[in-house]
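Novice: Mind looking over this structure? Questions follow.
Residue numbers (UniProt numbering): 1 to 599.
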């Protein structure tokens, strides 16, 4: 939007404003919970690296091409990403007019290493120091602008207005008896039951790789024990997957895999590490790896260790101050895959991370979502956890709108809200039919429109709510989750010790492994990889494939007046806690995904 400014408004940074109007690119009206402005501003000479996201004039065609179910190669997908050359040249000249001559282009980005003072002048802003829950300070601003003639060239500047939560918590659940004793009891019970009754006690009291196979009828094998399918597990925020822990879990629950020497590989992104020292294993990393592999054998599993915070280097190889760094890795993660050749891409990507949507800058979310859409055009299926706070999104959300009006509002999560992501919810273990897990997050996006393929299913749910939570969600927007699997009490080994973990971050790698197995069959039959599966899931012919979950309710928001109106209820058909349901019969699920849509 165009806003008038007086010259004195920028006196603090010594800026001589020569224009009457500026274009405000981003404005943060309310800081998300946990963030605090610190008293001391950064020194103007502090080095900082910023990235200008260039406008992509052809990206608007992405939606229709995905709906055609076309698959493109790496070169063809770049067509959508290309910035306008004329505007790009003008942007470089604009930077040079501010004595910034070291800017470097990287496809649809321009990266600049400069100083805080120069950024203040360039973007008519005041960079300040902020801290999240007492952590190390980061340099950010709540508003910045560019001259109006640059408004069509730059989508946003990263990461200076990014106040996403720099952390991720996994729900570890204390249980008695200890997990290993429960596992032994469970295996003994299952061995004594008939095949019919085994279905009733599968994954009770804890969830193990063996019981997931039993629960969903997964008995897929290959003659040679090999696969050409690649399954990627996202690793963020100093989470490291441990080889010894994986082998210990397999020795307990899948001795056949332990004997076969089945293992995962690690690929670093942006300097990510592969720490295997004692005590360094991450709960999230181990959970994802151990269950993706146990369910997905024999597909090839790679853990992508992404460095999203910590020391970064400037253009001369010198370390930037911590406070000048970005602490959020989605963009770097997906851009890493965008640069891969077609034969290097994974067929499935599993992300067990979710951020409350109101903490995510809208332009940033759209750019990440477009990157995911472009990957789906190359045959990649991207799955993401819907979150673990029910109607609150994450477990720490306050259910406020954060738009300056502080309205009560249910919360959706990102990247699950991206239409090209398959959002995964969770159901409870140990009973048949299963019940919705109360932590399973879902709801309605404030950023992304509802796709056509989702409208009939979601409109029916809105009608079924009969006014429940009316006015506290965006009823016409993209709805999540899309689908669910079991997500409670997962027996996991972390640093040599058994831990019970639950959440949609547990259910996501399980479903991702199932999709990887489907891709293995497709490739063996001479078919293309699936890419985005959402349109298939919502097709009328898919309804008989999924088990509808009709009992349970997600966690409620607590509104400003203390009311807890209740979360999202599970209902017949699609609902905002379990989506369309559970793939309880894997063979039927697999065969349904063999059919090519609109081909």
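We put the beta carbon where it would ideally sit given N, CA and C, even for glycine.
Computed from a predicted structure; not experimentally measured.
DSSP has residue 494 in a bridge; who is on the other side?
Specialist: According to DSSP, residue 494 bridges with 497.
Novice: Mark residue 600 as exposed unless 16 or more other C-beta atoms lie within 10 angstroms of its C-beta, in which case mark it buried.
Specialist: Look at the range of the chain in this structure, 1 to 599, and you will see that residue 600 is not part of it.
Novice: Counting C-beta neighbours from all protein chains within 10 Å, is the total for residue 70 16 or more, i.e. buried, or is it exposed?
Specialist: The residue in question, residue 70, is exposed, as its Cβ has fewer than 16 Cβ neighbours within 10 Å.
Novice: Would you mind working out which of 81, 501 and 43 sits nearest residue 61, comparing C-alpha positions?
Specialist: Out of 81, 501 and 43, 81 has the C-alpha closest to the C-alpha of residue 61.
Novice: Look up residue 112 in the DSSP assignment and give the residues it is bridged to.
Specialist: Looking at the DSSP assignment, residue 112 forms a beta bridge with 50.
Novice: Where does residue 119 fall in DSSP's three states?
Specialist: The answer is helix: DSSP assigns residue 119 an H, G or I state.
Novice: Does the region 25 to 42 touch the region 117 to 131, meaning 3 or more C-beta pairs lie closer than 8 Å?
Specialist: Touching, yes, given that three or more Cβ pairs across the two stretches are closer than 8 Å.
Novice: Of the residues 493, 242, 576 and 159, which one's Cα is nearest the Cα of residue 481?
Specialist: Out of 493, 242, 576 and 159, 576 has the C-alpha closest to the C-alpha of residue 481.
Novice: If you follow the beta strand (DSSP E) that residue 26 is part of, which residue opens it and which one closes it?
Specialist: Note, residue 26: beta strand (DSSP E), 21 to 27.
Novice: Comparing alpha-carbon positions, which option in 21, 30 and 467 lies nearest residue 163?
Specialist: Minimum Cα distance to residue 163 is reached at 30.
Novice: Helix, strand or coil for residue 426 per DSSP?
Specialist: Strand at residue 426.
Novice: Between which residues of its own chain and residue 185 is the CB-CB distance below 6 Å, once the five residues before and five after are set aside?
Specialist: Here residue 185 scores only 48 on pLDDT, less than 50, and its place in the model is too uncertain to base an answer on.
Novice: Please state if the CB of residue 505 and the CB of residue 485 are separated by a distance shorter than 7 Å.
Specialist: Not in contact: residue 485 and residue 505 (Cβ atoms no closer than 7 Å).
Novice: Return the chain-ordered list of same chain residues with a C-beta closer than 6 Å to the C-beta of residue 310, the five sequence neighbours on each side being excluded.
Specialist: Note that residue 310 scores a pLDDT of 42, beneath 50, so its modelled location is shaky and nothing firm can be said.
Novice: Over what stretch of residues does the alpha helix (DSSP H) that includes residue 536 continue unbroken?
Specialist: 534 to 537 is the extent of the alpha helix (DSSP H) around residue 536.
Novice: Spell out whether any CB of chain E is found under 7 Å from the CB atom of residue 590.
Specialist: Considering every chain present, this structure includes no chain E. It has just one protein chain.
Novice: What residue range is occupied by the uninterrupted alpha helix (DSSP H) comprising residue 226?
Specialist: Segment: none, residue 226 is in no alpha helix (DSSP H) and carries neither H nor E.
Novice: On the three-state DSSP scale, how would you describe residue 586?
Specialist: In the structure shown, residue 586 sits in a helix (DSSP, three-state: H, G or I).
Novice: Helix, strand or coil for residue 214 per DSSP?
Specialist: Here residue 214 sits in helix by DSSP.
Novice: Specify whether the region 269 to 285 and the region 293 to 310 touch according to this definition: at least 3 beta carbon pairs, one from each stretch, less than 8 Å apart.
Specialist: At 8 Å Cβ cutoff, the stretches touch.
Novice: Please state whether DSSP places residue 391 in a helix, a strand or coil.
Specialist: Three-state DSSP puts residue 391 in a helix.
Novice: What residues match up with residue 268 in a beta bridge as DSSP calls it?
Specialist: According to DSSP, which records beta bridges pairwise, residue 268 is partnered with 305.
Novice: Taking the beta strand (DSSP E) that residue 514 falls in, what are its first and last residues?
Specialist: Taken as a continuous stretch (DSSP letters only), residue 514 belongs to no beta strand (DSSP E), being part of the alpha helix (DSSP H) at 504 to 524.
Novice: Excluding the 5 residues preceding and the 5 following residue 108 in the sequence, name in chain order all residues of the same chain whose CB lies nearer than 8 Å to its CB.
Specialist: Taken in chain order, the residues that qualify are 53, 54, 56, 81, 82 and 83.
Novice: Count the C-beta pairs between the region 202 to 210 and the region 458 to 476 that are closer than 8 Å, then say yes if the count reaches three, no if not.
Specialist: At 8 Å Cβ cutoff, the stretches do not touch.
Novice: Could you give the DSSP three-state label for residue 150: helix, strand or coil?
Specialist: Residue 150 falls in the helix class under three-state DSSP.
Novice: Decide if residue 583 is buried, meaning its Cβ has at least 16 other Cβ atoms within 10 Å, or exposed.
Specialist: With 16 or more Cβ atoms within 10 Å of its Cβ, residue 583 is classed as buried.
Novice: Reducing DSSP to helix, strand and coil, say where residue 274 ends up.
Specialist: Residue state, collapsed to three classes: coil.
Novice: Once DSSP output is grouped into helix, strand and coil, what is the label at residue 208?
Specialist: Looking at residue 208 - three-state DSSP - the assignment turns out to be coil, as it is neither helix nor strand.
Novice: Let me check understanding here. Comparing Cα to Cα, which of 469, 290 and 118 lies closest to residue 567?
Specialist: Answer by Cα proximity: 469.
Novice: At the level of alpha carbons, what is the spacing between residue 402 and residue 594?
Specialist: In a straight line, the C-alpha of residue 402 is about 43 Å away from that of residue 594.
Novice: By how many angstroms is the C-alpha of residue 400 removed from the C-alpha of residue 143?
Specialist: Cα to Cα, the separation comes out at about 21 Å.
Novice: Taking the beta strand (DSSP E) that residue 106 belongs to, which residues open and close that run?
Specialist: Taken as a continuous stretch (DSSP letters only), the beta strand (DSSP E) holding residue 106 covers 104 to 106.
Novice: Hey, residue 227 and residue 300 are a contact pair by Cβ (cut 8 Å); roughly how many whole angstroms apart?
Specialist: Correct: roughly 6 Å between the Cβ atoms.
Novice: Alpha carbon to alpha carbon, how far is residue 141 from residue 263? Give it in angstroms, no decimals.
Specialist: Approximately 44 Å between the Cα atoms of the pair.
Novice: Taking just the CA atoms, how far does residue 26 sit from residue 256?
Specialist: In a straight line, the C-alpha of residue 256 is about 54 Å away from that of residue 26.
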